């Protein structure tokens, strides 16, 4: 059995300041939420908020709430919005010392509308992150966090907002060859970018049922079948979620399942990132597979209900 890397009590970077690297999108989330059900063309009163977001940022924020110390590898512009975002990240407990600050690329943004019936529409503008490319990974090659001969050996949360080519390069890069690599697509539209990690010897995939189907070029009726199929296709370890229905975690030894608590859904953006962060944190505390899955499902349910208590 290829067991997950246990990092409880360890500090894995060269400076001893972090327990998990979060690589990917860090941007401003602009979210509109009414209290009513919405459909195409709806024009209703509600609230519009702007908060630090992005998959990597959401995972970093959640892991910080769970007691880990996250560092960000991302691209943030040197514009006013970027300066404000850097300050907000630092105030939330992120290590921002390794962030690539671009002189000519604007800070990225994500915009979504969520009705009482769930996500209505969303647009992710992560073009600056894509344009920055492998510049965001320099600390992993220049000796700050690791090199190709002495690679980083800790936890890495990687999101699919990076370009397909960069993700392919990461999947075979020696700089990632010793890490406990946890990978999630940014959205179903980017799920197929994770194909190179289906056969990665140290990667664990976190996907929802739709994303699992896209990776397998199939459709699935439940998470257990989807997770088992991903393992058969070469994945080392996977978690498949399905909203309020049962989730599954699988490796070569078999499949386990768990069902989230029933809650009133008040928000959905960031729920999958919270699940992933809670699962990682549970394993660093020594939880077994079933305990980690259960704790992650409970944390995600609390998040979508609007309860941030951990």
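In the UniProt record's numbering, the protein residues as written are 1 to 310. Glycine is no exception: its CB is placed at the ideal position from the N, C-alpha and C atoms. Quick caveat: nothing in here was measured; it's all calculated off a predicted structure.
Would you mind working out which of the options sits nearest residue i, comparing C-alpha positions?
i           : options               : result
residue 204 : 187, 115 and 159      : 159
residue 289 : 51, 268, 116 and 248  : 248
residue 240 : 217, 260, 211 and 268 : 211
residue 234 : 207, 188 and 197      : 197
residue 350 : 130, 243, 150 and 143 : Lying outside 1 to 310, the shown extent of the chain, residue 350 is not represented and no answer is given.
residue 109 : 44, 60 and 79         : 79
residue 193 : 214, 179 and 202      : 214
residue 39  : 52, 125, 116 and 105  : 116
residue 102 : 181, 76 and 55        : 76
residue 300 : 269, 50, 170 and 286  : 269
residue 65  : 94, 155 and 154       : 94
residue 256 : 293, 244 and 281      : 293
residue 318 : 90, 54 and 107        : There is simply no residue 318 to check, as the chain begins at 1 and stops at 310 in what is shown.
What does DSSP give as the partner residues of residue i in its beta bridges?
i           : result
residue 206 : 239
residue 245 : 242
residue 49  : 31
residue 21  : 71 and 156
residue 257 : 248
Count the other CB atoms within 10 Å of the CB of residue i; is the residue buried (16 or more) or exposed (fewer)?
i           : result
residue 135 : exposed
residue 262 : exposed
residue 175 : buried
residue 279 : buried
residue 200 : buried
residue 264 : exposed
residue 48  : exposed
residue 127 : exposed
residue 219 : exposed
residue 236 : buried
residue 227 : buried
residue 87  : exposed
residue 150 : exposed
residue 31  : buried
residue 29  : buried
residue 142 : exposed
residue 96  : buried
residue 6   : Confidence at residue 6 is low in this model, with a pLDDT of 38, below 50, so the placement of that residue should be treated as unreliable; the coordinate-derived value is given next. Residue 6 should be labelled exposed.
residue 156 : buried
residue 123 : exposed
residue 242 : buried
residue 258 : buried
residue 12  : For residue 12, the pLDDT reaches just 42, beneath the cut-off of 50, and the residue's location in the model is therefore unreliable, leaving the point undetermined.
residue 112 : buried
With DSSP collapsed to three states, give me the class of residue i.
i           : result
residue 11  : With a pLDDT of 39 at residue 11, under the threshold of 50, the modelled position of this residue cannot be trusted, and the question is left open.
residue 164 : helix
residue 294 : helix
residue 193 : helix
residue 313 : The chain is shown from 1 up to 310; residue 313 falls before or after that span and cannot be answered.
residue 219 : coil
residue 214 : helix
residue 233 : coil
residue 157 : strand
residue 182 : strand
residue 284 : helix
residue 272 : helix
residue 57  : helix
residue 39  : coil
residue 44  : coil
residue 151 : coil
Return yes when at least one heavy atom of the ligand ADP lies under 8 Å from the C-beta of residue i, else no.
i           : result
residue 193 : Among the components of this structure there are no ligands whatsoever, and the ligand ADP is therefore not found.
Suppose only complete runs of 3+ residues qualify. What are the beta strand (DSSP E) ranges in the region 61 to 144, listed by chain order? Fully enclosed beta strand (DSSP E) runs of 3 or longer: 70 to 73, 75 to 77, 100 to 102, 109 to 115 and 118 to 125.
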